DNA sequence: CAGTATTTTGAAGCAAATTCATAACTTTCA
DNA sequence: TGAAAGTTATGAATTTGCTTCAAAATACTG
């Protein structure tokens, strides 16, 4: 026999009630059960827990020690169970986000800032999705939300629409292509293209435009940070394609210009991939709502 | 079903071992048992504790929380059990002392000072208040040692001899009785006797001298503190009878003199009353040894 | 000292934890 | 991709040990 929480509750109850009989009522078990329990406990601890010789069954020194343990431990257990309650009803949880889309930092950061104000107890984190496969990680519960623009049909995963955006062409104001009203795939043929350092299939320019048109740019150069890409573009080291929300803020800068891709412009859609069970959690809903609002704000600039 | 220590140990083992199977070995139960246990725990807590979709069975957010609880709680339990061990082998315990004999403060304090140096973990206290029913309190385990000079035959209580002392007569140097070489009961007839405020039967002068001789002093005045009694005696407000160790230290003072009671002198014996079970506890032995030494020291002055 | 309240004890019942046997997955490796 | 290895889940049988019941022992009260 081991010491168990039951025993701590028992000690506490007996102390408070001042006797087995009353404590038994309080715990909804027989007084006899308590007697056996105490005896077992004393056997196993090897010490007397109570002073028998007196009527109101007082705690001995060892009993006091055990009571102290109960007073330390039981509240800790209560606290843990309370947190489980919060986990269950969705007021607490983990929200680790993986972003496949490299430029998503731009709008996600402000969203998370807002989010933390309403849901301070949710454990939030962003994991740049370059180093691993975001969707398998989502299924394995290594992350809880993946921002992606390529919905797949996966069991237990749902893709919730966030917002639409347009990948747009960016070039220095002095660049010859800045003269055109829109850019076609063929226009890239003589250009150096600056992209994020990920596989081509995950870049809108390639997947939506160049690969279908079988066009290979003159050169490809990679840069990690959006700010650096814009810098390179401004100094005419190449051209790039970025989501409209990225360049929206700097649209009126005279250093570079943005042009739609193809005559009608391309449109892509961003999704939040979440596990089905978690889709309806309140903080999940909240994050999605905030993301949509943030996008609206950026696009109305 | 309630959450129990068993579950905490389980969580901890599974986390450390990195899987049910290995944890099962470590805990010396079947892997099946662990599986059932985890399931039960998840049902009752209402949250998933582990991430199933991955091979090395990882802890979920809730699982981490429970692990934290285990890491908080289990060491506390260990500590308590360790203290029980110490209680059992006698390196720790409670030593609350009741003194029937009012003047015993004088030698008991220095003894306890010494005692605390060797047995710092023993909870020591002196309780002067219940000098009345000290022995019943001993039996009810309200106190653990009673200093007494009247051994009784009580079940479960033993009287361990401490040391002998002599109640001696004290008077101002200028007092007429200071001329006598020893004092008899009859000498008290015209005197004011100063005593501690307790019943006569528990005062050596009365029980050993005046009551047997059927002598009533001219007056009786009571004082709480030994120092006050000596003060009153010195200023000739009365005479007193005190244990020799009390006046030994001030014996050569010219303010008062001490004289033996009766021609041969009275001798009394002081005992430590303890419960039989506790008599052989090491710290109990130590205290008794220290008391005897202290008495030797005082009497050799 | 009887009467009441409370705790202890032993046997029996019962619920819950464990085991056994086996199925269902996951991952690995060819 | 399929087979093999390793790991976890499940259901029925079993065992453990907690709880209850009934009755005796003990402590307290007037």
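Protein chains in written order, with our numbering: chain P, 1 to 301; chain B, 1001 to 1301.
Glycine included, C-beta positions come from ideal geometry on N, C-alpha and C.
These figures come from a predicted structure and were not determined experimentally.
Exposed or buried, which one is residue 1156(B) when buried takes at least 16 other CB atoms within 10 Å? exposed
Note down, in chain order, each residue of its chain lying with its Cβ closer than 8 Å to the Cβ of residue 189(P), except the 5 sequence neighbours on either side. 215, 216, 217, 218
Mind listing the chain P neighbours of residue 1080(B)? Cutoff is C-beta to C-beta under 7 Å, in chain order. 65, 66, 69
For the segment 49–69 of chain P against the segment 1083–1099 of chain B, do three or more pairs of beta-carbon atoms, one drawn from each stretch, fall closer than 8 Å, so that the two count as touching? yes
Any contact of the segment 133–151 of chain P with the segment 224–231 of chain P, i.e. 3+ C-beta pairs under 8 Å? no
Since residue 57(P) and residue 287(P) should fall inside the 8 Å C-beta cutoff, what is the C-beta to C-beta distance between them, to a whole number of angstroms? Not confirmed; about 56 Å, so no contact.
So, at 6 Å on beta carbons, what are the nonlocal neighbours of residue 13(P) in its own chain, with the 5 sequence-adjacent residues on each side left out? 23, 26, 27
Give a yes or no on whether the minimum CB-CB distance between residue 1115(B) and chain P is below 8 Å. no
Per-residue DSSP class, three states only, for residue 212(P): helix
Let me check understanding here. Comparing Cα to Cα, which of 1112(B), 1177(B), 1127(B) lies closest to residue 1120(B)? 1112(B)
Could you check what DSSP says for residue 96(P) in three-state terms: helix, strand or coil? Under the three-state reduction of DSSP, residue 96(P) is assigned to strand.
Can residue 172(P) and residue 233(P) be called in contact, C-beta distance under 8 Å? yes
C-beta contact flag for residue 1265(B) and residue 1178(B) at 8 Å: no
Kindly list, in the order they appear in chain B, the residues whose Cβ is closer than 9 Å to that of residue 3(P). 1005, 1077, 1080, 1081
Residues of the segment 1085–1099 of chain B with a CB closer than 7 Å to any CB of chain P: list them in chain order, please. Going along the segment 1085–1099 of chain B in chain order, one finds 1087, 1088, 1093, 1094 with a Cβ nearer than 7 Å to chain P.
Assuming residue 8(P) contacts residue 73(P) under a Cβ cut-off of 8 Å, what Cβ separation, rounded to an integer in Å, is found between them? 6 Å
For residue 136(P), which three-state DSSP category applies? For residue 136(P), the three-state secondary structure derived from DSSP is helix.
Evaluate the contact criterion for the segment 140–159 of chain P versus the segment 266–284 of chain P: three or more CB pairs, one atom per stretch, below 8 Å. yes
Chain P contact residues for residue 1179(B), given Cβ-Cβ distances below 7 Å: Residues of chain P passing the Cβ test: none, with the nearest at roughly 54 Å.
So is residue 1143(B) in contact with chain P if we call contact Cβ pairs under 8 Å? no
In this structure, what does DSSP give as the bridge partners for residue 165(P)? 268(P)
What is the rounded straight-line gap between the Cα of residue 1124(B) and the Cα of residue 97(P)? Taking the straight line from one Cα to the other gives about 59 Å.
In the DSSP output, what is residue 258(P) paired with across the bridge? 170(P)
Taking the runs of the beta strand (DSSP E) that are 3 residues or longer, which of them lie wholly in the segment 1031–1070 of chain B? none
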